[in-house]
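Residues are numbered in this note's numbering as their position in the sequence shown, beginning at 1, plus a constant of 141.
Step one of this worksheet: look at the structure below.
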Amino acid sequence: MEKTLISREELAQRWGVNVRTIIKYEQEGVITRNPNIPVPRYNVSEINKLDGFEISPMSPLERKRLVKEIDELKARAEKAEDALAKMNIIITEAIYINR
């Protein structure tokens with residue numbers, strides 16, 4: 142019978158890293174431990190999927206930071222567009238008043 146769960150130590154050995162790296166991957170959301178048992182165990186099918194793909198060069202935290210930065214820049218751009226539209230109205234009114 143094939144195992145469905147793998148321990149933190151087994152996973153570290155499988156990937157050739159130390160246990161602290163596995164904990165870091167868990168904290169970054171790269172892997173998910175089974176929440177139903179107190180001892181850290183990981184679903185073998187999830188690990189097999191990860192083994193078949195390259196790990197994203199961007200951590201979930203970095204991705205979240207960049208998404209936040211993009212949202213802030215979009216908000217700033219929208220404010221700038223509003224200011225330009227108001228300036229355009231003022232300039233247009235000034236041109237027609239001075240005719």
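Ideal placement from N, C-alpha and C gives every residue a C-beta, glycine not left out.
- The straight-line gap separating the alpha-carbon atoms of Ala224 and Glu213 is approximately 17 Å.
- Boundaries of the beta strand (DSSP E) harbouring Ser148: 146-148, taken from the DSSP string.
- The alpha-carbon of Glu219 is positioned some 12 Å away from that of Lys227.
- The continuous stretches of alpha helix (DSSP H) do not include Asn184, which lies in the beta strand (DSSP E) extending over residues 182-184.
- The distance from the Cβ of Ile211 to that of Ile147 is about 36 Å, inconsistent with a contact at the 8 Å cut-off.
- Burial check for Arg182: the Cβ neighbour count within 10 Å reaches 16 or more, so the residue is buried.
- The criterion of a C-beta distance shorter than 8 Å is satisfied by Glu150 and Val160.
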